[in-house]
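Residue numbers (my numbering), protein chains in the order written: chain A, 1 to 190; chain B, 191 to 378. For every residue, glycine included, the Cβ atom is placed at its ideal position computed from N, Cα and C. Since we're looking at a predicted model, the values are computed, not measured. Report on one structure; see the data block that follows.
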Amino acid sequence: MNRLLDLYWTFAKIGGVTFGGGYAMLPILERELVNKRGWTTMDELRDYFAVGQCTPGVIALNVSTFIGVKRAGVRGALAATAGFLTLPVIIILVIAMFLRNFAQEPVVQHAFAGIRVCVCVLIFQAILRLWKKSVVDPLALGIYLAVFALQVSSAYLPVKIPAAVLVILAGAAGVLISMARNSRKGGADR
Amino acid sequence: MKLLTLMVSFFKTGLFSVGGGLATLPFLYEMSDTHPDWFSHGDIADMIAISESTPGPIGINMSTYAGYQVGGIPGGILASLALATPCVIIILIIARFLERFRANPLVEGAFYGLRPASLAMISAAGLNVVRIALVDIARFTATWRPDDLFIWKAWVLAVLVFIGLKKLKWHPVIFIVLSAAVGVIFAF
């Protein structure tokens, strides 16, 4: 029981101080989990992040699940994940309640109009940052352009392709392209 | 019933959004189109800003905020749990054979295709924010003067934020707060 509480508390604390998510959390996780508690190593953390990159869902939750299951099985995983969720959920609920009461105020509306401009830039920057890792060669660029075109024109197409279907198709295309490349490489070796 | 639909929607989002927080965006836009009474495109842009300014992963922040719009406090909690569920289940399975999963050529191949697709969907979602923040299509289609398409003061702010983020390396929260102040002072 203590072990579960410990997991819950530790991840509740981490969840309360990680802004932005993703790799921005790595230093905090390193301090709390590797240096202070010795629950994991830096190498393991990097593995968890790598798996997090290539599984659906939020990376921070992947890390909490991994460490929770390692320390105390499935219940540990649930305790760690619930801990991580606690503060972000409470904070957003408070903000959402506040906004519901003040959203119509002109000051709030002007502020959010300014903030939306900033959000455009933040998304643009995230795209630039991810570009090198994602669009690695002309075929990957082809996938990018095809999905982008389908998404942007979706309002004008007779049938809208759901984003989930695009995700599945892109994954399948990736598998087929890699298999074709590997078999060609294999042929050349022989 | 509404809460159940909400949970299914966010479960699906958690299952298919690969590659970090912003990957949830295309699914949120889809949800907004199917359920216009849940939240608007403008709400999504505000959610992004709120997520960047508060602790916690953006995907969770978004589901809490959207869930609250739909079903109050229970809605916010249930939507977040629904988003987290597929992720926890998948990792519990993978944790048993971590090494084999990472080295699997099929997994690597799938991600070769998933990464650009996910980025393309984020880009398209970004365009949706541009449409409400940087251009005024209603004004443009009324006059057809190219000058009326762009909201010029917004572009000035965007360029300044872009340069600031690049040169100063401050936390994005600071730029969000500054942009809010500019929005109030110059009546955006």
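- Taking the CA atoms as reference points, B/R290 sits about 56 Å from B/T331.
- Setting aside the 5 residues that flank it on each side, A/A77 is surrounded in the same chain by T65, G68, V69, each with a C-beta closer than 6 Å to its C-beta; the list follows chain order.
- Within the DSSP bridge table, the entry for A/P56 names B/V208 as partners.
- If you keep only unbroken alpha helix (DSSP H) runs of at least 4 residues inside the segment 272 to 299 of chain B, you get 288 to 293.
- Here the alpha carbon of A/V58 sits roughly 14 Å from the alpha carbon of B/F217.
- Taking C-beta atoms as the reference points, B/T203 and B/T214 count as a pair closer than 8 Å.
- Of all residues in the segment 292 to 318 of chain B, the ones placed with a Cβ closer than 8 Å to any Cβ belonging to chain A are R292, P295, L296, V297, E298, G299, A300, F301, Y302, G303, L304, R305, P306, A307, S308, L309, A310, M311, I312, S313, A314, A315, G316, L317, in chain order.
- Just so you know, the alpha carbons of A/I92 and B/G262 end up roughly 12 Å apart.
- When DSSP states are grouped into helix, strand and coil, B/F229 belongs to the coil group.
- At a cut-off of 8 Å between beta carbons, B/D236 contacts chain A.
- With the criterion set as a beta carbon lying under 8 Å from some beta carbon of chain A, the members of the segment 252 to 275 of chain B are T254, Y255, Y258, Q259, I263, G266, I267, S270, L271, L273, A274, in sequence order.
- If you draw a 10 Å sphere on the C-beta of A/Y156, you find fewer than 16 other C-beta atoms in it, and that means exposed.
- The secondary-structure analysis by DSSP pairs B/V325 across a beta bridge with B/F340.
- Taking the CA atoms as reference points, B/V372 sits about 7 Å from A/A111.
- Across the segment 202 to 232 of chain B, CB contacts with chain A closer than 7 Å involve K202, G204, L205, F206, S207, V208, G209, G210, G211, L212, P216, F217, E220, in sequence order along the chain.
- With a cutoff of 8 Å on beta-carbon distance, A/L139 and A/I177 are scored as near each other.
- Close partners of B/A344 in chain A (Cβ separation under 9 Å): A113, G114, R116, V117, C120.
- Contact check for B/G303 and A/A170: beta-carbon distance about 4 Å, within the 8 Å limit, so the pair qualifies.
- Along the segment 321 to 351 of chain B, the positions whose C-beta sits under 7 Å from a C-beta of chain A are I322, A323, L324, A344, L347, A348, V351, read in chain order.
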